[in-house]
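Accompanying notes for the structure given below.
2 protein chains.
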Amino acid sequence: MKKKSITIYDIAKEANVSPSTVSRVLTGSAKVRPDTLKKVTEIMDKYHFQPNALARSLLYKQSKMIGFVITDITHSFYSTLVLKSEKHAVQQGYSSFLCNSMNDGEMESKYLQTLLEKQVDGILFLGGRTNETDVNPSYIKEMEQIMNRVPVVLINGDMPGLDSYVVRADEEEGVRRLIELIVNHGHTKIGFLGGVSGITSMTDKVKVYKETLAQHKKEVRDEWIIDSGFTIESGEEAALKLLNVKERPSAVVCVNDFVAIGAINMFSKFGLRVPDDISVVGFDDIPIAKHFPPGITTISQNYDELGQTAVDVLIDLIEGREAKKETVIPTKLMLRNSCWKYREN
Amino acid sequence: MKKKSITIYDIAKEANVSPSTVSRVLTGSAKVRPDTLKKVTEIMDKYHFQPNALARSLLYKQSKMIGFVITDITHSFYSTLVLKSEKHAVQQGYSSFLCNSMNDGEMESKYLQTLLEKQVDGILFLGGRTNETDVNPSYIKEMEQIMNRVPVVLINGDMPGLDSYVVRADEEEGVRRLIELIVNHGHTKIGFLGGVSGITSMTDKVKVYKETLAQHKKEVRDEWIIDSGFTIESGEEAALKLLNVKERPSAVVCVNDFVAIGAINMFSKFGLRVPDDISVVGFDDIPIAKHFPPGITTISQNYDELGQTAVDVLIDLIEGREAKKETVIPTKLMLRNSCWKYREN
DNA sequence: CTGTTAGCGCATTCAT
DNA sequence: ATGAATGCGCTAACAG
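Taken in sequence, the protein lines are chains A and B.
Residues in the first sequence are numbered from 2 upward in steps of one, following the working numbering.
Residues in the second sequence are numbered from 2 upward in steps of one, following the working numbering.
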């Protein structure tokens, strides 16, 4: 279904000028006599001429396209970030290739290869292999090769032994503030729900969770740390397990807002009211967090700035400018109603 | 930052063969002697050679890229659809360009132009101008021109006077089933919340809503139809207005699940329990619908099939095959707990 | 089986 | 101010 598209040659012929002249009016790279300019422009309009960006890219060796490798666009976290980033990229004249790897390493590799073949100028990478504590070494090598061909920026990610550019939210500070909020509310038994060990977005948080509790002389018990996953269902599952622990915490930190939602639902099912009977806090501040009863207290990752900065860094690299190796974006505590003062039962 | 990428010429030189031979091993388009094959392959591996897809596209006049024009990827509806579609497209060897128009006509036009310049093989269009009852005529003309250059498939959309390919969910049937469910539960006063008049995803539903109520000899009152928007906030707003109506409906149909969520929240705030005091149903079955208390009864648009079919139709057109002008995907009623039997107060 | 040639659409020298 | 020639990386057609 290839309708023959019209080229600068067609325009040139009809205008009785050379292709170079048409090219010149197209790019404005050199002066053209006003009347020829007018003539050419008119003919271009007449045919709704559009230059072939592929040909141009071939010549310039830059495609003005950037690749987004994420795990799953249906997660609010990713979609918000992609939206912000894409918007910012467009403003700088770049288009976006979307790749949902669905957390599948093979898939990621396949996508990465496609992106390279399509000659993207740079890649934004979030989640997946840049979010695991033990990465398959071959994936690291692959990343190295890729970074050797085109700039890559990791968002909220990290790969052991990989010298990469990173832009990330200050998750550690976020967790710390959450814990301190809970402690200040008088809670002494505080649990951690959700996540999967081996995924940094859980392990990093648990680390800070333990540290902060220790600082405040609060007890840390392994049975209060329940991994399960990152979905609403995981939250339900983790909450259910917590309910069976003998000395139940009066507050829980969830690895993200989905898990918090699942936990709240499961607690409700067993007659526990949030926050009256148990406090729950989440992470990410996904759009629904504000509206999910009773309103989830959580940490906003500041998507706008996160996405924009990542794009800026990437474009700086693409265009040969200097850039900081690591940029940390501050987070924001979103106080709502799912966390409240401790009360005896 | 254009690191010189290696080409088939580099490979050819090092292997002491001609570029065509390299090309042949690349495409498998012709027999190559086993040992030359081996030699070339080794050198390609050594350099991690990847063919330049742009050059290839220029030649073949097809880019194996398709464009997605949507309004906002952060809306579950779009992201789910995009995910499913993208996945299916990848399986057929196509990559996806993402364009978030944010419901801005200008933006849409700009994106459309970029897509054309980038030589996408086809475009999937959802929302925006294909979702308005009164479209700016120039936008229609623009669409015509575009369809003249490359196949376009509208998802859940429609443009007056535009002869386009469409794949859509059977929203009418969905609304009908919702209304009948409510009526069967004994409700007699039924409202409609959310949407914006001028956007077909509201007006079409309201039309069916009225028809179905009429069929069942139920009253229809304009003051029970409250437009406001498509967001959670709009839902709250609409619900608030409804609370001030003298004879309040005992059940409401919401234009989508977001509005339903907003409505439920607002009703709760005023002490009305859902479904005990008022029944609420939504539309779309976004992922949270199942988990938002008390569980939202809604209509699933069958994203999987919707997305897949749209991609299939588009690729059929791209590859010169026949395709149905319009494909209607059945919807599914998701029975949950937000809608229940009518009870006197 | 393999090399040579030409061209996809465009922009950029270098002449004129 | 404009035209002719060249090449970006690749493949197909045509020799050999």
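Glycine is no exception: its CB is placed at the ideal position from the N, C-alpha and C atoms.
Legend entry - chain A contacts from the stretch 43-62 of chain B (Cβ-Cβ distance under 8 Å): Flagged, chain order: His49, Gln51, Pro52, Asn53, Ala54, Leu55, Ala56, Ser58, Leu59 and Lys62.
Legend entry - Whole-number beta carbon distance between Gly296/B and Ser339/B, since they are thought to touch under 8 Å: About 6 Å separates the Cβ atoms of Ser339/B and Gly296/B, confirming a contact at the 8 Å cut-off.
Inset, instruction - Can you check DSSP and say which residues form a bridge with Ala170/A? - result: Answer is Ile330/A.
Inset, instruction - Return no unless some Cβ of chain A is closer than 9 Å to the Cβ of Ile233/B. - result: Cβ-Cβ to chain A under 9 Å: yes for Ile233/B.
Inset, instruction - Kindly list the residues whose CB is nearer than 7 Å to the CB of Ser97/B, restricted to its own chain and excluding five residues on each side of it in sequence; keep chain order. - result: Once the five neighbours on either side are set aside, the close Cβ partners of Ser97/B are Ile67, Phe69, Glu87 and Ala90.
Inset, instruction - Would you kindly report the start and end of the unbroken beta strand (DSSP E) that includes Phe97/A? - result: Per the sequence shown, the amino acid found at residue 97/A is Ser instead of Phe. Ser96 to Asn101 is the span of the beta strand (DSSP E), which, as asked, contains Ser97/A.
Legend entry - Pro331/A to Asp171/A span [Cα, whole Å]: Taking the straight line from one Cα to the other gives about 5 Å.
Legend entry - Contact with chain B by Pro347/A, beta-carbon distance below 9 Å: Limits of chain A in this structure are 2 at one end and 346 at the other, which puts residue 347/A out of reach.
Legend entry - Whole runs of the beta strand (DSSP E) within the stretch 172-258 of chain A, excluding any shorter than 3 residues: The qualifying runs are 191-194 and 252-255.
Inset, instruction - Return the bridge partner residues of Glu133/B from the DSSP annotation. - result: Paired residue(s): Ile200/B.
Inset, instruction - Please classify Asp258/A: is it buried, with 16 or more other beta-carbons within 10 angstroms of its beta-carbon, or exposed? - result: Buried, by the Cβ-count rule.
Inset, instruction - Flag Gln93/A as yes if its beta-carbon sits less than 9 Å from any beta-carbon of chain B, otherwise no. - result: Not an interface residue.
Legend entry - Environment of Asp122/B [buried if 16+ CB atoms lie within 10 Å]: So Asp122/B counts as buried.
Inset, instruction - Let me know the secondary structure DSSP gives Val91/B once reduced to three states. - result: It is helical.
Inset, instruction - Note down, in chain order, every chain A residue with its Cβ under 9 Å from the Cβ of Asp277/B. - result: None at all; the shortest Cβ gap to chain A is about 16 Å.
Legend entry - Among Glu133/B, Leu84/B and Arg150/B, the one whose alpha carbon lies nearest that of Leu113/B: In terms of CA proximity to Leu113/B, Arg150/B leads the group Glu133/B, Leu84/B and Arg150/B.
Inset, instruction - Quick one: residues in its chain with C-beta nearer than 6 Å to the C-beta of Ser21/A, no 5 flanking neighbours on either side, listed in chain order? - result: Excluding positions up to five away in sequence, the list is empty.
Inset, instruction - Can you pull the chain B residues whose beta carbon is under 8 Å from the beta carbon of Asp73/A, in chain order? - result: The contacting residues are Leu84.
Inset, instruction - Return the residue from the list Met267/A, Asp223/A and Ala252/A that minimises the CA-CA distance to Ile233/A. - result: If we check each option's Cα against that of Ile233/A, Met267/A comes out closest.
Legend entry - Close-in-space but distant-in-sequence residues of the same chain around Ile316/B (CB under 6 Å, 5 per side omitted): Contacts found: Gln93.
Legend entry - Leu127/A - containing beta strand (DSSP E), residue span: Run containing Leu127/A: Gly123 to Leu127, per the beta strand (DSSP E) assignment.
Legend entry - Segments of 3+ residues assigned as beta strand (DSSP E) that fall wholly inside the stretch 296-345 of chain B: Runs of the beta strand (DSSP E) lying entirely within the stretch 296-345 of chain B, each at least 3 residues long, are 299-301, 327-330 and 333-335 in chain order.
Inset, instruction - Go through the stretch 24-81 of chain A residue by residue and report every complete run of the alpha helix (DSSP H) that reaches 4 residues or more, in order. - result: The stretch 24-81 of chain A contains these whole alpha helix (DSSP H) runs: 35-47 and 54-61.
Inset, instruction - Give the secondary structure of Leu117/B by DSSP, where H, G and I count as helix, E and B as strand, and everything else as coil. - result: The DSSP-derived three-state label of Leu117/B is helix.
Inset, instruction - Just the C-alpha distance for Ala290/B and Ser110/A, rounded to the nearest angstrom, thanks. - result: Straight-line Cα distance between these residues: approximately 34 Å.
Legend entry - Limits of the beta strand (DSSP E) - the one that Ile12/B falls within: For Ile12/B, no beta strand (DSSP E) segment is defined; the enclosing uninterrupted segment is the alpha helix (DSSP H) at Ile9 to Ala16.
Inset, instruction - Give a yes or no on whether 9 Å exceeds the smallest Cβ distance from Pro288/A to chain B. - result: Yes, Pro288/A lies at the interface with chain B (some Cβ there is under 9 Å from its Cβ).
Legend entry - Min CB distance Ser24/B to chain A below 9 Å: For Ser24/B, no Cβ of chain A is located within less than 9 Å of the residue's own Cβ.
Inset, instruction - State the DSSP-derived secondary structure class of Val1/A, mapped to helix, strand or coil. - result: Nothing about residue 1/A can be read from this structure; chain A reaches only from 2 to 346.
Inset, instruction - Residues of the stretch 150-166 of chain A with a CB closer than 9 Å to any CB of chain B: list them in chain order, please. - result: For the stretch 150-166 of chain A, which is checked against every Cβ of chain B, the residues closer than 9 Å are Arg150, Val151 and Pro152.
Inset, instruction - Leaving aside the five residues before and after Thr131/A along the sequence, list all residues of the same chain whose C-beta is less than 7 Å from its C-beta, in chain order. - result: Hits under 7 Å: Leu155, Gly158, Asp159 and Met160.
Legend entry - Backbone secondary structure at Ser280/A - three-state DSSP: In this structure, Ser280/A counts as strand in the three-state DSSP scheme.
Legend entry - Within-9 Å CB hit, Leu99/B to chain A: Against chain A, the CB of Leu99/B has a partner CB under 9 Å away; the residue lies at that interface.
Legend entry - For Val246/B, the nearest candidate out of Ser77/B, Glu238/B and Trp225/B (CA to CA): Ranking Ser77/B, Glu238/B and Trp225/B by Cα distance to Val246/B puts Trp225/B first.
Inset, instruction - Please determine if the stretch 29-36 of chain B and the stretch 305-320 of chain A are in contact, where contact requires at least 3 C-beta pairs separated by less than 8 Å. - result: As far as the Cβ criterion goes, the stretch 29-36 of chain B does not touch the stretch 305-320 of chain A, which means the pair count is below three.
Inset, instruction - Answer with yes or no whether the minimum CB distance from Asn104/A to chain B is below 9 Å. - result: Answer no: the Cβ-Cβ gap between Asn104/A and chain B never drops below 9 Å.
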